[in-house]
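**Student:** Per my numbering, the sequence shown runs over residues -2 to 81. Let me begin by handing over the structure; questions about it come next.
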Amino acid sequence: MSTLELTVERAVASAEDIRWVRGYLQGLVDGGLEREQLEHVLEHVYEHLRDAGNQSAADLALDGLDFLTGWCGPGMEIASPRIV
-2 MSTLELTVER AVASAEDIRW VRGYLQGLVD GGLEREQLEH VLEHVYEHLR
48 DAGNQSAADL ALDGLDFLTG WCGPGMEIAS PRIV
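Here's what the structure looks like:
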(Lines of atoms letter the chains of each structure in order from A and count residues from 1; the text may use other names and numbers.)
(Lines give C-alpha, C1' and ligand atoms only; values in the text may rest on other atoms or scores of the structure.)
Protein backbone atom coordinates (compact mmCIF):
# COMPACT_ATOMS: atom_id res chain seq x y z
CA MET A 1 0.00 0.00 0.00
CA SER A 2 1.09 3.53 -0.71
CA THR A 3 1.53 6.10 2.04
CA LEU A 4 -1.66 7.83 0.90
CA GLU A 5 -3.59 4.56 1.03
CA LEU A 6 -2.31 3.85 4.54
CA THR A 7 -3.22 7.36 5.69
CA VAL A 8 -6.74 7.13 4.27
CA GLU A 9 -7.19 3.62 5.68
CA ARG A 10 -6.18 4.75 9.16
CA ALA A 11 -8.53 7.73 8.97
CA VAL A 12 -11.46 5.61 7.79
CA ALA A 13 -10.77 2.81 10.28
CA SER A 14 -10.65 5.24 13.21
CA ALA A 15 -13.70 7.28 12.17
CA GLU A 16 -16.82 7.05 14.28
CA ASP A 17 -19.08 9.11 12.06
CA ILE A 18 -19.88 8.94 8.36
CA ARG A 19 -20.02 12.74 8.12
CA TRP A 20 -16.48 12.94 9.47
CA VAL A 21 -15.32 10.58 6.70
CA ARG A 22 -17.09 12.72 4.12
CA GLY A 23 -15.45 15.89 5.49
CA TYR A 24 -12.04 14.23 5.54
CA LEU A 25 -12.36 13.13 1.93
CA GLN A 26 -13.68 16.55 0.88
CA GLY A 27 -10.60 18.07 2.52
CA LEU A 28 -8.32 15.84 0.45
CA VAL A 29 -10.08 16.94 -2.75
CA ASP A 30 -10.01 20.59 -1.66
CA GLY A 31 -6.29 20.18 -0.96
CA GLY A 32 -5.63 19.19 -4.56
CA LEU A 33 -5.92 15.41 -4.61
CA GLU A 34 -7.36 14.35 -7.96
CA ARG A 35 -10.78 12.74 -7.67
CA GLU A 36 -9.67 9.82 -9.87
CA GLN A 37 -6.70 9.14 -7.61
CA LEU A 38 -8.87 9.28 -4.50
CA GLU A 39 -11.34 6.87 -6.10
CA HIS A 40 -8.48 4.44 -6.78
CA VAL A 41 -7.22 4.83 -3.19
CA LEU A 42 -10.67 4.21 -1.71
CA GLU A 43 -11.11 1.07 -3.81
CA HIS A 44 -7.83 -0.34 -2.46
CA VAL A 45 -8.63 0.71 1.09
CA TYR A 46 -12.07 -0.92 0.87
CA GLU A 47 -10.60 -4.19 -0.41
CA HIS A 48 -7.87 -4.24 2.22
CA LEU A 49 -10.26 -3.53 5.11
CA ARG A 50 -12.76 -6.09 3.82
CA ASP A 51 -10.05 -8.75 3.45
CA ALA A 52 -8.80 -7.93 6.96
CA GLY A 53 -12.28 -8.57 8.33
CA ASN A 54 -12.97 -4.97 9.37
CA GLN A 55 -16.38 -4.77 7.73
CA SER A 56 -17.58 -1.61 9.49
CA ALA A 57 -14.53 0.36 8.29
CA ALA A 58 -14.81 -1.23 4.83
CA ASP A 59 -18.40 -0.01 4.70
CA LEU A 60 -17.22 3.53 5.51
CA ALA A 61 -14.68 3.35 2.67
CA LEU A 62 -17.44 2.18 0.33
CA ASP A 63 -19.64 5.05 1.51
CA GLY A 64 -16.74 7.39 0.73
CA LEU A 65 -16.66 6.01 -2.81
CA ASP A 66 -20.39 6.68 -3.09
CA PHE A 67 -19.88 10.29 -1.96
CA LEU A 68 -17.08 10.73 -4.47
CA THR A 69 -19.00 9.28 -7.42
CA GLY A 70 -22.36 10.86 -6.59
CA TRP A 71 -24.18 7.67 -5.55
CA CYS A 72 -25.57 9.36 -2.47
CA GLY A 73 -28.25 11.70 -1.24
CA PRO A 74 -28.22 15.42 -1.89
CA GLY A 75 -25.70 17.27 0.20
CA MET A 76 -23.40 14.31 0.72
CA GLU A 77 -21.64 14.33 -2.65
CA ILE A 78 -18.02 15.42 -2.50
CA ALA A 79 -17.81 18.61 -4.51
CA SER A 80 -14.99 19.55 -6.83
CA PRO A 81 -12.77 22.26 -5.38
CA ARG A 82 -13.70 25.80 -6.27
CA ILE A 83 -11.30 27.68 -8.49
CA VAL A 84 -10.70 31.13 -7.07
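Beta carbons: idealized from backbone N, C-alpha and C, even for Gly.
Cα separation between L65 and V38?
**Tutor:** Roughly 12 Å between the two C-alpha positions.
**Student:** Which first and last residues belong to the alpha helix (DSSP H) in which E2 is found?
**Tutor:** Per DSSP, E2 belongs to the alpha helix (DSSP H) from T0 to S11.
**Student:** Please determine, among G67, D63, S77 and G72, the residue with the shortest C-alpha to C-alpha distance to E40.
**Tutor:** Answer by Cα proximity: D63.
**Student:** With a Cβ-Cβ cutoff of 7 Å, do A10 and Y21 count as a contact?
**Tutor:** Cβ atoms of A10 and Y21: not closer than 7 Å.
**Student:** So with Cβ pairs under 7 Å, would you call E36 a contact of chain B?
**Tutor:** Absent from the structure: chain B. Only one protein chain is present.
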